[in-house]
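Counting in the working numbering, the sequence shown runs from 58 upward without gaps. Every residue gets a Cβ at the ideal spot worked out from N, C-alpha and C, and that includes glycine. In what follows, a structure is listed as structure tokens, so that the remarks can point back to it.
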Amino acid sequence: MIINRKTLAYQLILIIVLVVSSISLSYSQEPLPVRNQISKVFHSKVLNEERQFWIYLPEGYDRGEKLYPVIYLLDPDQNFAYVTEMERFLSDRYRMPKSIVVGIVNTDRVRDFTPVHSMTFHGKFDNSLRNTGGAEKFLSFLKQEAIPFIESNFRTVPYRTLEGHSLGGLFSLYCKKEKPELFQSYIIISPAIYDGNTAILKQFRGALQKNGNHTSYLYLSIGDEPDGLAPVKTLHESLKKYADKNLIWYFKQYSGEDHFSVGYQSMYDGLKFIYSKWYLNPRDASMVKSYEDIRNHFDALSRQYGYQIIPDEDLVNESGYQRLNNNDFVNAIEIFAENVKNNPKSANAYDSLGEAFMKNGNKHNAIENYEKSIKLDPDNQNAMYILQELKK
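Structure, rendered in structure tokens:
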């Protein structure tokens, strides 16, 4: 009976105000965000230190066996809260897949995110840069420990997005250059390409032609930043000249945003760019007339993103009701039946299929599916009432 689980709370997106005390290369460490679900700490042999992850699991993770893509954040103290809200907001509206979000909590971001040891910033000596040059080791940590840890402890698909801002953006470029297969999409925001680390600009050109057989995505952005614009413009020119056909990229400069405020809008637009073809409107009869329309859409997405994508349960459920409300019982039943097949532990999937059979006059199958729904969810009072009426 439940057509859609969205509530009024999901109509509002959390607004995060980023308070910055100074414009520096180091971000302050904040407490574990309120909306974080899990915190994991383990000892890294590569870095020889304890490392912490903040892990957000999407709605419905605990109610099935579905696998999820993963979004990795390099500065979670700055963006974990609003990125998890973006995931909720966009996936609830079928604009992107439900995703796991992993924040890799910093211990020394200046060390970890810089490929080259360089103690000058825009030509001036800066003692805060004394530990720079650890990107190679941090990349080994990601490849050998962090990603395997997440993928062995959580249900994931082989599709990973890396988000990096400022020095995190510099590291993201380095990662794309050194290990292009490690992530399938990148959101690179105002990369801090300074002094000795400007070598990445020339080195990055070669990486643009090593994209492999599968499509990958790169979203590059910057705000109104006179000091940081020139190297980013160089990156933009390299993308125009050297990117191969399998790399889908987009560059945007945000007027009115500075180095610190540009992150929020960039992340939102970056996710929408990466998943620009994801949307299917279940309420539009011209888009969904039968389950074949849903299957064809997600088969195309599977080819594009390089892994098998199962249609979203809520989207299929809404599509079924769209046909049911048009008295198209044959296609409604087929759509609900496929949803049951894809989500055998969902009480709501059986409930909806039972309703379709009931409205089509098939009492036997209606009873069977309502009973299965109640078995999975003994608190389904509506199904209990309907079942009693059907058995009279």
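Legend entry - Other residues of its chain near R120: CB distance less than 6 Å, five sequence neighbours each side excluded: none
Inset, instruction - Grab the span of the alpha helix (DSSP H) containing Y251 for me, first residue to last. - result: Judged by DSSP secondary structure, Y251 falls outside any alpha helix (DSSP H); it is assigned neither H nor E.
Inset, instruction - Spatial neighbours of P237 within its chain, please: CB distance less than 6 Å, with the 5 preceding and 5 following residues excluded, ordered by chain position. - result: A264 and K267
Inset, instruction - Leaving out five residues on either side along the sequence, give the residues of the same chain with a beta carbon under 6 Å from the beta carbon of K309. - result: S278
Inset, instruction - Report back the beta-carbon spacing between G226 and A249 to the nearest angstrom; my notes put them in contact at under 8 Å. - result: 7 Å
Legend entry - Rounded separation between N184 and D132 - CA only: Going by the C-alpha atoms only, they are around 22 Å apart.
Inset, instruction - Closer than 8 Å by C-beta to K2: which residues in its own chain qualify, once you throw out the five before and the five after it? Chain order, please. - result: The question about residue 2 has no answer here: the residues shown for the chain are numbered 58 through 449.
Inset, instruction - Would you kindly check if the distance between the Cβ of V140 and the Cβ of I207 is under 7 Å? - result: no
Inset, instruction - Can you check the stretch 98-178 for any beta strand (DSSP E) of at least 3 residues that lies completely inside it and give the ranges in chain order? - result: 106-113, 125-130 and 157-161
Legend entry - Range covered by the beta strand (DSSP E) that runs through Y276: Counting along the chain, the beta strand (DSSP E) containing Y276 begins and ends at S273 to I279.
Inset, instruction - With DSSP collapsed to three states, give me the class of G313. - result: In this structure, G313 counts as coil in the three-state DSSP scheme.
Legend entry - Same chain, Cβ closer than 6 Å to V91, five either side skipped, listed in chain order: Because V91 carries a pLDDT of 45, less than 50, the predicted location of this residue cannot be relied on, and no value is offered for it.
Inset, instruction - Grab the span of the alpha helix (DSSP H) containing R360 for me, first residue to last. - result: Y348 to Y362
Legend entry - Bridge partner(s) assigned by DSSP for F182: T177
Inset, instruction - Closer than 8 Å by C-beta to K97: which residues in its own chain qualify, once you throw out the five before and the five after it? Chain order, please. - result: Once the five neighbours on either side are set aside, the close Cβ partners of K97 are Q109, F110, I112, F206 and N210.
Inset, instruction - Can you grab the Cα-Cα spacing for the pair S323 / I246, in whole Å? - result: 7 Å
Inset, instruction - Return yes when the Cβ of A413 is within less than 7 Å of the Cβ of L381, no when it is not. - result: yes
Inset, instruction - Compute the distance between the beta-carbons of T218 and I157, then report whether it is under 7 Å. - result: no
Legend entry - Cutoff 6 Å; reference F240; Cβ partners in own chain excluding five residues on either side: So the qualifying residues of the chain are R217 and L219.
Inset, instruction - Measure the CB-CB distance between N388 and I367 and report whether it falls below 7 Å. - result: No.
Inset, instruction - Along the alpha helix (DSSP H) that carries G221, what are the first and last residues, could you check? - result: No alpha helix (DSSP H) holds G221; the beta strand (DSSP E) holding it covers T213 to H222.
Legend entry - Nonlocal neighbours in the same chain, by C-beta distance under 6 Å from V289, ignoring five residues either side: The residues are I279.
Inset, instruction - Just tell me which of Y427, D281, S430 and K155 has its CA closest to the CA of T213. - result: K155
Legend entry - Closest by C-alpha distance to Q94, when choosing among D165, Y243 and F137: Checked all of D165, Y243 and F137; the closest Cα to Q94 is F137.
Inset, instruction - Kindly list the residues whose CB is nearer than 7 Å to the CB of S376, restricted to its own chain and excluding five residues on each side of it in sequence; keep chain order. - result: Excluding positions up to five away in sequence, the list reads P339, V345, I351 and I392.
Legend entry - Sequence ranges, alpha helix (DSSP H) only - wholly within the stretch 410-442, length at least 4: 420-433
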